[in-house]
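Data block below; observations after.
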Amino acid sequence: MKRIKLLFIVLLVSIIVFLSGCKNEALTTTKGTVYTTIYPLYSITKLIAGEKLTVEKLVKDGAEIHSFEPSSRDIAKLTSAKAVIYLGLVDEWVKKPLEGTSVKIFRASEGIEFIDSDPHIWTSPRLLKKIARNIEYALTSLDPKNKSYYQENASKLIASLDKLDKEFSSVVKNSKRKEFLIAHPSFGYLARDYRLKQYSITGVNEEEEPSAQKMKEIVQLIKEKNIKYILVDPNENLPAVKTIVRDTGIKIVNIYGMGIVNSSQAKNETILSLMEKNLKAFEMVLK
Ligand SMILES: [Zn+2]
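The sequence shown stops at residue 418 when you use our numbering, and every number in between is there.
See below:
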């Protein structure tokens, strides 16, 4: 009797192991991970992919995109991915490791022209719409049977971006000021699209401190234009900002350029919720 009971347990355990094995296999073969490089692409891809695909990002929470270099573990993730979605300009490092592999690679900036070496196209709602369409195309070609699902999610996202676009236009229209000062210039494309002038402390790609001459010019600009606020991403740490605040009495307003995203933002926010916060920030500084 004891032996029969034991045999029964062994059989039951084997069946459970067998069934869970099947389930895991089904999951890995139908899903497969789509890797994105930077947070803005990660957020948009997640919004369009919904629960149909697993989406991950390579640039880790708290890391800075301009100086990011993939580790050997990152390369391993890339080469075993179902597909990789990258922006271009700032994350060209994805291309070499994928040469000669079967991993599909998509450039999210297709049809968008970069100005000089400025990669921050994701901070303009108008360009975000193009990026969203490019990502919808990527997901549809990866997984054609869910085409209408991706189409529906992309259309919802684009409707939200249309609304954001109109809100930015109306904020600019109703503001006296048509220029803004920012620590790191992540809003050049937004400035171009809404006819604003962006002044910044650092260059487009460097996070390094400005020269004494540049600092003098900024202080002079603040006085001349009677600028009251400076936009600063709280994830960036620029000592020059503290100096300027101390010397001029200018006030800091938080902005989210998404070049560095902390883990709480990566988990709890989307590019849409961060852009809504940015809209409020612009409303304040352009007043
Ligand atoms: Zn940046």
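Built from N, CA and C at the ideal position, the CB exists for glycine as well.
{"Check": "Smallest Cα separation from Ala194: which of Tyr170, Glu407, Pro316?", "Outcome": "Tyr170"}
{"Check": "Residues near ligand 1, CB to any non-hydrogen atom under 6 Å, in chain order?", "Outcome": "His197, His251, His315, Ser317, Gly388, Gly390"}
{"Check": "So, for Lys418: in the same chain, excluding its five sequence neighbours on each side, which residues have a beta-carbon less than 8 Å away from its beta-carbon?", "Outcome": "Ser306, Lys307, Arg308"}
{"Check": "Report the rounded CA-to-CA distance for Pro365 versus Lys328, giving the unit in angstroms.", "Outcome": "22 Å"}
{"Check": "Once the 5 residues before and after Val215 are set aside, which same chain residues still bring their CB inside 8 Å of it?", "Outcome": "Val165, Tyr166, Thr167, Thr168, Leu209, Val225, Leu229, Val234, Lys235, Ile236, Phe237"}
{"Check": "Tell me the DSSP secondary structure of Lys187 in three-state form.", "Outcome": "The residue asked about is misnamed: residue 187 is Glu in this sequence, not Lys. Glu187: strand per DSSP, three-state reduction."}
{"Check": "Check whether the region 361 to 377 and the region 387 to 403 are in contact - that is, three or more C-beta pairs closer than 8 Å.", "Outcome": "yes"}
{"Check": "Assuming Ile266 and Leu312 make a contact with CB atoms under 8 Å, what is their CB distance in whole Å?", "Outcome": "With 8 Å as the limit, Ile266 and Leu312 do not qualify as a contact, their Cβ atoms being about 32 Å apart."}
{"Check": "Please go through the region 161 to 220 and give each complete beta strand (DSSP E) segment of 3 or more residues, from N-terminal end onward.", "Outcome": "164 to 167, 185 to 188, 214 to 217"}
{"Check": "What is the DSSP secondary structure of Asp249, counted as helix, strand or coil?", "Outcome": "strand"}
{"Check": "Report all residues from its chain with a CB closer than 6 Å to the CB of Leu220; omit the five preceding and five following residues, and keep chain order.", "Outcome": "Phe245, Pro250"}
{"Check": "Please go through the same chain and pick out, in chain order, the residues whose beta-carbon is closer than 7 Å to the beta-carbon of Tyr387, but skip the five residues on each side of it.", "Outcome": "Asp364, Leu405, Lys408, Asn409"}
{"Check": "I'd like the list of long-range same chain contacts for Val416, defined as Cβ closer than 7 Å, with 5 residues on each side in sequence excluded.", "Outcome": "Phe311, Tyr360, Leu362, Val384"}
{"Check": "His315: which of Ser279, Ala412, Asn336 sits nearest, CA to CA?", "Outcome": "Asn336"}
{"Check": "Count the C-beta pairs between the region 177 to 184 and the region 279 to 297 that are closer than 8 Å, then say yes if the count reaches three, no if not.", "Outcome": "yes"}
{"Check": "With 16 other CB atoms within 10 Å as the buried threshold, where does Thr333 fall?", "Outcome": "buried"}
{"Check": "Verify whether the separation of the beta carbon atoms of Tyr268 and Lys183 is less than 8 Å.", "Outcome": "no"}
{"Check": "For Ala212, which residues of its own chain have a beta-carbon under 8 Å away from its beta-carbon, when the five flanking residues on both sides are left out?", "Outcome": "Gly163, Thr164, Val165, Tyr166, Val234"}
{"Check": "For the alpha helix (DSSP H) containing Lys347, name the first residue and the last one.", "Outcome": "343 to 355"}
{"Check": "Quick check: the Cα distance between Asp274 and Phe413, rounded to an integer number of angstroms?", "Outcome": "39 Å"}
{"Check": "Asn305 by DSSP, collapsed to three states: which one?", "Outcome": "coil"}
{"Check": "What would DSSP say about Leu362, mapped onto helix, strand or coil?", "Outcome": "strand"}
{"Check": "Which of helix, strand or coil does DSSP assign to Met415?", "Outcome": "helix"}
{"Check": "Taking the C-alpha atoms as reference points, what is the distance between Asn155 and Asp293?", "Outcome": "The pLDDT assigned to Asn155 is 43, lower than 50, so where the model puts this residue is not dependable, and the model offers no usable value."}
{"Check": "Taking just the CA atoms, how far does Lys191 sit from Glu200?", "Outcome": "11 Å"}
{"Check": "Which value, in whole angstroms, describes the spacing of the CA atoms of Lys260 and Trp253?", "Outcome": "9 Å"}
{"Check": "Between which two residues does the beta strand (DSSP E) carrying Lys235 extend?", "Outcome": "235 to 238"}
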